[in-house]
Amino acid sequence: MENLEGLIEQAPELIVTYGMKIIFAIIIFVIGKYCAGIAKKLSSKLMTKRKVDPTVVSFVSNMAWSLVFVFTIVATLGQIGVQTASLVAVIGAAGLAVGLALQGSLSNFASGVLMVMFRPCRVGDYVEAAGIAGTVNEITIFSTKLLTPDNKLIVAPNSAMMDGTIINYSAMDTRRVDFVIGVSYDADLLETKKVLTRVIESNQYVLKDPAYTIALSELADSSVNFVVRPWVKGSDYWPAYFEILEQIKLALDEANIGIPYPQMDLHLKETPAVASSAVA
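For the sequence shown, the residue numbers in UniProt numbering are 1 to 280.
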């Protein structure tokens, strides 16, 4: 009876104390859940504006909501009086275990997010990375698909793409085509330069700006080498390369300017034994 009377006497104080904690816990939960929704919408809106892949947008926005919501749950339990230190430790240990188990996949995912956000390459770009080269066909959250010129599909992990150097041949509007043209030492150098200039200036793919370069670069062992460096549109690189190279060869032939090529002279020497057998 005395204990019951004591509880009755303390009831108003307990109700006020724990009631306020419960009310504050409910307020924290409601505000935290609202903030989780805002975090999800904000992250989704920002990534959508940057034209991030929809799969990545959904995954990252849900992850943002989950992180804020977990923090809200921990804060709510702490307000009620639950010891959250052990709970946080368990969550941390579980997260560490999952992270170690999915280390490779998480690395590829993080690299995929970085590729989609910072865009070192886009779908349709011709790139060289991770020891492979091809046209970017698709960028997913874990891998990048490249299509080679001979129509092979290569699937490369995003981590391998981001860990090395990415050479993007399609990033700029213009590209320089580099030729090294070797002519004979007997050739008239001024005439050779005029022929090369005429070919470059009359070609349909060569741009006026930036200006092309034609210069003597090397006195090699068996040839005098000129560098020919016109600028073309990036999309015209290979058509320009093949056409200009063919036109240079035809123009040099028409001007009777020789192009040296590797030769091998064979000298046959008869031995006395061979000569005697031949006479016999």
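We put the beta carbon where it would ideally sit given N, CA and C, even for glycine.
On a predicted model such as this, the values are computed, not experimentally measured, just so you know.
With a cut-off of 8 Å on the beta carbons, I'd call residue i and residue j a contact; round off their distance for me.
i: serine 184; j: serine 223; result: 7 Å
i: glycine 234; j: threonine 197; result: Incorrect: roughly 24 Å between the Cβ atoms, too far for contact.
i: phenylalanine 69; j: glycine 32; result: 7 Å
i: valine 195; j: alanine 251; result: 5 Å
Bridge partners for residue i per DSSP, in chain order?
i: isoleucine 181; result: Phe226
i: glutamate 138; result: Lys145
i: isoleucine 154; result: Leu146
i: residue 299; result: Only positions 1 to 280 of the chain appear in this structure, which leaves residue 299 out of reach.
i: glutamate 128; result: Ala133 and Ile167
i: leucine 219; result: Val224
Relative to the C-alpha of residue i, which residue among the options is closest?
i: aspartate 178; options: Gly78, Phe242 and Ile257; result: Phe242
i: isoleucine 181; options: Thr165, Ile166 and Val199; result: Val199
i: glycine 131; options: Ile73, Ile166, Trp231 and Lys33; result: Ile166
i: glutamate 254; options: Tyr237, Glu201 and Thr192; result: Thr192
i: arginine 176; options: Val227, Leu46 and Ile26; result: Val227
i: leucine 67; options: Asp173, Ala39, Ala89 and Ser143; result: Ala39
i: aspartate 188; options: Tyr212, Arg119 and Asn225; result: Asn225
i: serine 43; options: Ile27, Ser61, Ile26 and Phe29; result: Ser61
i: threonine 72; options: Ala220, Leu219, Ile22 and Cys35; result: Cys35
i: alanine 220; options: Lys41, Pro262, Val30 and Asp209; result: Pro262
i: asparagine 203; options: Asn151, Val57 and Pro239; result: Pro239
i: methionine 63; options: Ala251, Phe109 and Asp236; result: Phe109
i: isoleucine 26; options: Lys152, Pro210, Val74 and Lys41; result: Val74
i: tryptophan 65; options: Asn256, Met47 and Lys41; result: Lys41
i: glycine 164; options: Ser111, Asp150, Leu190 and Lys152; result: Ser111
i: aspartate 209; options: Ile244, Trp231, Glu218 and Ser217; result: Trp231
i: tyrosine 205; options: Ser217, Ile244, Asp186 and Glu218; result: Ile244
i: methionine 162; options: Leu190, Ile248, Glu201 and Phe118; result: Phe118
With a threshold of 7 Å on Cβ separation, who are the neighbours of residue i within its own chain once the five nearest residues in sequence on each side are excluded?
i: valine 146; result: Here residue 146 is leucine; the residue named in the question, valine, does not match the sequence. Same-chain partners within the cutoff: Ile132, Gly134, Thr135, Val136, Asn137, Ile154 and Ala156.
i: cysteine 121; result: Val127, Val136, Ile166 and Asn168
i: phenylalanine 29; result: Thr72 and Thr76
i: lysine 24; result: Contrary to the premise, residue 24 reads as phenylalanine rather than lysine in this sequence. Around phenylalanine 24: Gln79.
i: glutamate 218; result: Asn225
Go through its chain and collect everything with a Cβ distance to residue i's Cβ below 6 Å, but skip five positions before and after it.
i: glutamate 246; result: none
i: threonine 148; result: Gly134
i: methionine 47; result: Val57
Given residue i, which residues of its chain have a CB within under 8 Å of its CB, disregarding the five upstream and five downstream residues?
i: arginine 229; result: Arg176, Val177, Asp178, Phe179, Tyr212, Thr213 and Ile214
i: isoleucine 22; result: Ile80
i: methionine 172; result: Gly234
i: leucine 207; result: Thr174, Pro230, Trp231, Val232 and Lys233
Cβ pair count under 8 Å reaching 3, the segment 66-86 against the segment 124-139
no
With three or more beta-carbon pairs closer than 8 Å as the criterion, would you say the segment 129-144 touches the segment 158-165?
yes
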